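Read through the structure below, which is laid out as structure tokens, and then see the notes.
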Amino acid sequence: MESITKNRQSPDTLRAMIAKAYGPHQVPDGDDWLREMGHGWFNVAYRIRLRDDSDVVLKIAPPSHIDVMTYEHGAMGIELATLRLIAENTSVPVPHVDYADRGHELCDADWFFMPYIDADNFGIVKDTLTAAERNTYNEALGAATREINSIRGTAFGPLAGPGDPTWRACFNRMIGDVLADGERRDVALGYDYDLIRRVIAQNQDCLDEVTEPRLVEWDLWDSNVMIRDGKIIAIIDHERAFYGDPLMEAGFTAVDLPAFGDPAAFMRGYGHDELTATQRRRRKLYTLYLILIMIIETDYRGHTDTTQYDWARERLHEVMALFGREAR
35 MESITKNRQS
45 PDTLRAMIAK
55 AYGPHQVPDG
65 DDWLREMGHG
75 WFNVAYRIRL
85 RDDSDVVLKI
95 APPSHIDVMT
105 YEHGAMGIEL
115 ATLRLIAENT
125 SVPVPHVDYA
135 DRGHELCDAD
145 WFFMPYIDAD
155 NFGIVKDTLT
165 AAERNTYNEA
175 LGAATREINS
185 IRGTAFGPLA
195 GPGDPTWRAC
205 FNRMIGDVLA
215 DGERRDVALG
225 YDYDLIRRVI
235 AQNQDCLDEV
245 TEPRLVEWDL
255 WDSNVMIRDG
265 KIIAIIDHER
275 AFYGDPLMEA
285 GFTAVDLPAF
295 GDPAAFMRGY
305 GHDELTATQR
315 RRRKLYTLYL
325 ILIMIIETDY
335 RGHTDTTQYD
345 WARERLHEVM
355 ALFGREAR
């Protein structure tokens with residue numbers, strides 16, 4: 035996916051990064067040592083073959099001059115912190131960080147190296163799998179998500195703090211930031227921004243049911259799951275994590291919108307019973323948050339292809355209908 039947030043670097047700069055991370059003896063010769071991995075939507079990622087023929091991945095954060103959405107500020111720092119939390123507190127497989135650099139000496143952004151994961155991307159290959167195989171992986175994803183959610187925080191919100199004492203205050207700030215981002219760029223939603231704010235205000239009392247901050251990956255879609263031989267080999271891309279309500283996780287989104295698939299296998303693996311009435315109200319707010327981001331981020335990323343924008347606009351009609359609001 036093409037995006038102006040992808041901070042591509044010259045081969046000479048990449049060689050300097052390799053030397054700093056692995057030593058000059060690992061800087062590759064020749065031309066056939068570098069390939070950009072085009073699946074991501076935010077950071078640029080390169081698959082690099084070192085001189086000893088081992089493969090690694092380099093991720094580079096967006097250029098410092100590019101305007102990103104409020105919740106995306108410091109995203110690579112969030113990813114590094116999340117990788118540490120998951121590795122130290124769960125059995126969920128995540129990539130090892132070989133080297134991270136936040137000094138901005140070689141380029142104007144954070145970057146880090148990790149080993150290349152020799153496995154299939156679940157989101158890419160899922161249509162080639164049998165229904166039973168997809169269910170197996172989705173159940174495993176549900177179980178992994180629950181284990182990640184077992185990590186407790188001291189406040190709601192950013193991993194680095196200071197956070198909010200209540201989930202209601204935190205979520206209102208989060209979704210308020212997204213709406214402010216959209217208004218700043220005059221992104222057309224198909225609904226008046228103040229109408230959406232009224233919908234949020236009228237439905238937020240259900241948030242008070244959440245009293246314990248838990249680690250929420252939030253971006254744990256099948257496209258961030260690496261699989262092989264019936265098992266999850268690694269969970270990748272952790273830059274959107276925060277402390278909040280586990281019900282906000284991606285796997286629950288299909289409870290509200292059929293366009294996201296069938297949530298049954300994920301929920302079975304997670305061990306979650308059918309949602310209560312209050313949980314369903316919370317879940318609708320979380321789906322609204324997601325779809326607003328999916329619409330607004332297309333402007334911030336400079337997409338020239340309107341496919342995601344158009345698709346997300348249709349989903350917003352469906353979400354607003356869940357709140358009893360007709361399309362305008």
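Numbering of the sequence shown is given in the numbering used here, commencing with residue 35 and proceeding in unit increments. Ideal Cβ positions, reconstructed from N, Cα and C, are used throughout, including at glycine. Since we're looking at a predicted model, the values are computed, not measured.
Inset, instruction - Out of Glu-181, Gly-197 and Ile-182, state which residue places its alpha-carbon closest to the alpha-carbon of Thr-188. - result: For the residues Glu-181, Gly-197 and Ile-182, the minimum Cα distance to Thr-188 belongs to Gly-197.
Inset, instruction - Helix, strand or coil for Pro-149, going by three-state DSSP, please let me know. - result: In the structure shown, Pro-149 sits in a strand (DSSP, three-state: E or B).
Inset, instruction - Just list the beta strand (DSSP E) runs in the segment 110-162, keeping only unbroken ones of 3 residues or longer that don't cross its boundaries, in chain order. - result: 133-135 and 145-149, all fully within the segment 110-162.
Legend entry - DSSP-derived helix/strand/coil call for Arg-83: Strand.
Legend entry - Beta-bridge pairing of Ala-268 - partner residues as DSSP gives them: Note: Ala-268 sits in a beta bridge opposite Met-260.
Legend entry - Assumed close pair Ser-132, Ala-55 - CB separation to whole angstroms, cut-off 8 Å: The amino acid at residue 132 is misidentified as Ser; the sequence shows Asp. Rounded, the Cβ-Cβ distance is 6 Å, consistent with contact.
Inset, instruction - Return the chain-ordered list of same chain residues with a C-beta closer than 8 Å to the C-beta of Ile-234, the five sequence neighbours on each side being excluded. - result: Within its own chain, the residues whose Cβ lies closer than 8 Å to the Cβ of Ile-234, once the five positions on either side in sequence are excluded, are Asn-206, Ile-209, Leu-319 and Leu-322, listed in chain order.
Inset, instruction - Measure how close the beta-carbons of Val-90 and Tyr-150 come, nearest whole angstrom, since I'm counting them as under 8 Å. - result: A Cβ-Cβ separation of about 6 Å places Val-90 in contact with Tyr-150 under the 8 Å criterion.
Legend entry - Where the alpha helix (DSSP H) containing Arg-232 begins and where it ends: For Arg-232, the uninterrupted alpha helix (DSSP H) run begins and ends at 227-236, by DSSP.
Inset, instruction - Pick helix, strand or coil for Met-71, following the three-state DSSP scheme. - result: In this structure, Met-71 counts as strand in the three-state DSSP scheme.
Inset, instruction - Work out the CA separation of Leu-324 and Gly-108 for me, nearest whole Å. - result: Distance between the alpha carbons of Gly-108 and Leu-324: 19 Å.
Legend entry - Contacts around Met-301, its chain only, beta-carbon distance under 7 Å, and the 5 residues preceding and following it disregarded: Excluding residues within five positions, the ones whose Cβ falls inside 7 Å are Gly-176.
Inset, instruction - Give me the Cα-Cα distance between Met-354 and Asp-226, rounded to the nearest whole angstrom. - result: If you take the alpha carbons of Met-354 and Asp-226, they lie about 12 Å apart.
Legend entry - Local Cβ density within 10 Å of Glu-113, reported as buried at 16 or more and exposed below that: Classification for Glu-113: buried.
Legend entry - Closest Cα partner of Ser-98 within the set Ile-266, Ser-88 and Asn-77: The candidate whose alpha carbon is nearest that of Ser-98 is Asn-77.
Legend entry - Counted within 10 angstroms of its Cβ, other Cβ atoms place His-130 as buried (16 or more) or exposed: Per the 10 Å Cβ criterion, exposed.
Inset, instruction - With a 10 Å radius around its C-beta and 16 neighbouring C-beta atoms as the bar for buried, classify Ile-266 as buried or exposed. - result: The residue is buried, with at least 16 neighbouring Cβ atoms inside 10 Å.
Legend entry - Delimiting residues of the beta strand (DSSP E) encompassing Gly-278: Unbroken beta strand (DSSP E) run through Gly-278: 276-278.
Legend entry - Burial state of Ile-32 (16 or more Cβ within 10 Å): Residue coverage of the chain in this structure runs from 35 to 362, which leaves residue 32 outside it and unanswerable.
Legend entry - Buried versus exposed call for Ala-194 [16 or more other C-beta atoms within 10 Å across all chains shown]: Label assigned to Ala-194: exposed.
Inset, instruction - Could you tell me whether the segment 283-299 touches the segment 335-353, where touching means 3 or more Cβ pairs closer than 8 Å? - result: Flag = yes, the segment 283-299 and the segment 335-353 touch.
Legend entry - Residues bridged to Val-91 [DSSP beta-bridge criterion]: Its beta-bridge partners are Arg-81 and Met-148.
Inset, instruction - Identify every residue that forms a DSSP beta bridge with Asp-198. - result: In the DSSP output, where bridge partners are listed per residue, Asp-198 has Phe-190.
Inset, instruction - Report yes if the C-beta distance between Ala-79 and Asn-41 is below 8 Å; otherwise report no. - result: Pairing Ala-79 with Asn-41 gives a Cβ-Cβ distance that is not under 8 Å.
Legend entry - Best match in Leu-213, Asp-161, Val-244 and Leu-249 for proximity to Arg-232 [C-alpha to C-alpha]: With respect to the C-alpha of Arg-232, the residue from Leu-213, Asp-161, Val-244 and Leu-249 having the closest C-alpha is Leu-213.
Inset, instruction - Measure the alpha-carbon distance for Gly-303 versus Trp-201 and round it to whole angstroms. - result: Gly-303 and Trp-201: Cα-Cα distance of roughly 26 Å.
Legend entry - Three-state secondary structure (DSSP) of Arg-49: In the three-state reduction of the DSSP assignment, Arg-49 falls in the helix class, which pools H, G and I.
Legend entry - Reduced DSSP secondary structure (H/G/I, E/B, other) of Val-244: Coil at Val-244, not helix or strand.
Inset, instruction - Select from Arg-83, Glu-251 and Asp-220 the residue whose C-alpha is nearest the C-alpha of Glu-181. - result: Considering only alpha carbons, the answer is Glu-251.
Inset, instruction - May I ask you to list the residues that DSSP assigns as paired with Leu-363? - result: Since the first residue shown for the chain is 35 and the last is 362, residue 363 is missing from the structure and cannot be characterised.
Inset, instruction - Within its chain, find whatever has a CB closer than 8 Å to the CB of Ser-37; leave out the 5 residues flanking it on each side and keep chain order. - result: Closer than 8 Å at the Cβ level, and outside the excluded window around Ser-37, lie Trp-75, Phe-76, Arg-335, Gly-336 and His-337.
Inset, instruction - Determine the DSSP secondary structure at Gly-64, reduced to helix, strand or coil. - result: DSSP places Gly-64 in coil when its eight states are reduced to three.
Legend entry - Secondary structure of Gln-43, DSSP reduced to three states: Of the three classes helix, strand and coil, the one that applies to Gln-43 here is coil, per DSSP.
Inset, instruction - Starting from Asp-344, follow the alpha helix (DSSP H) in both directions and report where the run begins and ends. - result: Its alpha helix (DSSP H) spans residues 341-356.
Inset, instruction - May I ask which residues mark the beginning and end of the alpha helix (DSSP H) holding Phe-294? - result: Taken as a continuous stretch (DSSP letters only), Phe-294 belongs to no alpha helix (DSSP H), as it is neither H nor E.
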